[in-house]
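Q: Going by the numbering used here, the residue at position 6 of the sequence shown is 357; the numbering climbs one at a time, nothing skipped.
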Amino acid sequence: MKFTVRDLVKLQWPLLGALLLIALATLPAWWSSKEVELAQRQRDEANSRKLRTEQRLLQVRTEEQELRERAQIFQQMQQSGITGDERRLEWTELLDDIQRQLRIPGINYEFGIRKPLENVSNPEYSYFASPMRIQLRLLHEEDLLRFLQHLQQEATALVLIRGCTLTPLASRGIGSDELAQLAAECDLRWITVRKSPASS
């Protein structure tokens with residue numbers, strides 16, 4: 352069977368109608384797929400916003416916890432007395448008190464210049480060290496241990512012991528009033544802490 356131009360003219364409207372029907376049939380499917388894509392995009396954006404909000408809340412809680420912990424640490428340092436400026440008068444009185452309590456025969460000490468500690472990775476606090484060289488005349492080795500223990504427990508600073516040397520004293524002979532048997536020399540650091548102005 353051969354199609355002629357006349358046949359095509361006759362089929363023109365039915366073909367156009369068929370094409371129109373196909374287009375109308377695919378339109379809802381296309382529209383529906385676009386709606387699904389839009390809904391999926393909105394869902395993804397909502398999930399992303401929710402995730403960002405949760406992460407921010409977690410970060411805020413973590414920061415609050417860190418601030419609380421830092422405040423507690425500083426409060427503990429304040430209670431122990433190591434915050435603030437150096438208190439040399441108080442420290443010298445403490446040294447004299449410990450000497451009397453433990454009946455140390457002789458004591459001599461000298462404070463050096465207070466200096467900031469370097470390589471301390473905490474920008475919120477400034478750490479300072481007051482060096483001290485102390486010489487003691489002792490009856491027994493245990494006296495040195497007791498002296499240092501009292502000092503670390505009672506001082507309004509963190510007292511670090513850098514090193515100590517013990518040497519026997521030469522015999523004074525019969526009738527000598529010298530009771531000390533040992534000489535000790537120690538290198539100490541009195542550490543104090545101050546809150547940095549930037550973190551106040």
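The beta-carbon is built from N, C-alpha and C at its ideal position, and this holds for glycine as well.
By a C-beta neighbour count over all protein chains shown, 10 Å radius and 16 as the cutoff for buried, is residue 481 buried or exposed?
A: Buried, since its Cβ has 16 or more Cβ neighbours within 10 Å.
Q: Looking at C-beta atoms only, is the number of pairs between the region 481 to 500 and the region 537 to 544 that lie closer than 8 Å three or more?
A: Flag = yes, the region 481 to 500 and the region 537 to 544 touch.
Q: What is the rounded straight-line gap between the Cα of residue 368 and the Cα of residue 395?
A: Whole-angstrom Cα-Cα distance: 41 Å.
Q: For the candidate residues 382, 454, 389, whose alpha-carbon lies nearest to that of residue 495?
A: For the residues 382, 454, 389, the minimum Cα distance to residue 495 belongs to 454.
Q: Which first and last residues belong to the beta strand (DSSP E) in which residue 461 is found?
A: Residues 457 to 462.
Q: Going by C-alpha to C-alpha distance, which of 457, 544, 438, 373 sits closest to residue 469?
A: It is 544.
Q: Going by beta carbon distance, what residues of the same chain come within less than 6 Å of residue 459, once the five residues before and after it are set aside?
A: So the qualifying residues of the chain are 486.
Q: Give me the Cα-Cα distance between residue 456 and residue 479, rounded to the nearest whole angstrom.
A: For residue 456 and residue 479, the distance between alpha carbons rounds to 31 Å.
Q: Look at the alpha carbon of residue 292 and the alpha carbon of residue 450, and state the distance between them as a whole number of angstroms.
A: The chain is shown only over 352 to 551; residue 292 falls outside these bounds and no answer can be derived.
Q: Rounded to whole angstroms, what is the Cα-Cα separation between residue 399 and residue 511?
A: The alpha-carbon atoms of residue 399 and residue 511 are separated by roughly 52 Å.
Q: How should residue 378 be labelled, buried or exposed, when 16 other C-beta atoms within 10 angstroms of its C-beta is the threshold for buried?
A: Exposed, by the Cβ-count rule.
Q: Using a Cβ-Cβ cut-off of 7 Å, state whether residue 451 counts as contacting chain D.
A: Any reference to chain D falls outside this structure, which holds one protein chain only.
Q: Indicate the three-state DSSP secondary structure (helix, strand or coil) for residue 443 in the structure shown.
A: Residue 443 falls in the helix class under three-state DSSP.
Q: Could you tell me the distance, in whole angstroms, from the CA atom of residue 438 to the CA atom of residue 445?
A: Using only the alpha carbons, I get a separation of about 11 Å.
Q: Nearest by alpha-carbon distance to residue 515: which of 435, 452, 534 is it?
A: Checked all of 435, 452, 534; the closest Cα to residue 515 is 534.
Q: Heavy atom of the ligand ADP less than 6 Å from the Cβ of residue 462, yes or no?
A: Ligands in the displayed structure: none, and consequently the ligand ADP is not present.
Q: If I follow the unbroken beta strand (DSSP E) through residue 538, where does it start and stop?
A: Here the beta strand (DSSP E) through residue 538 covers 533 to 546.
Q: For residue 507 and residue 518, what's the separation of their Cα atoms in angstroms?
A: Taking the straight line joining both Cα atoms gives about 29 Å.
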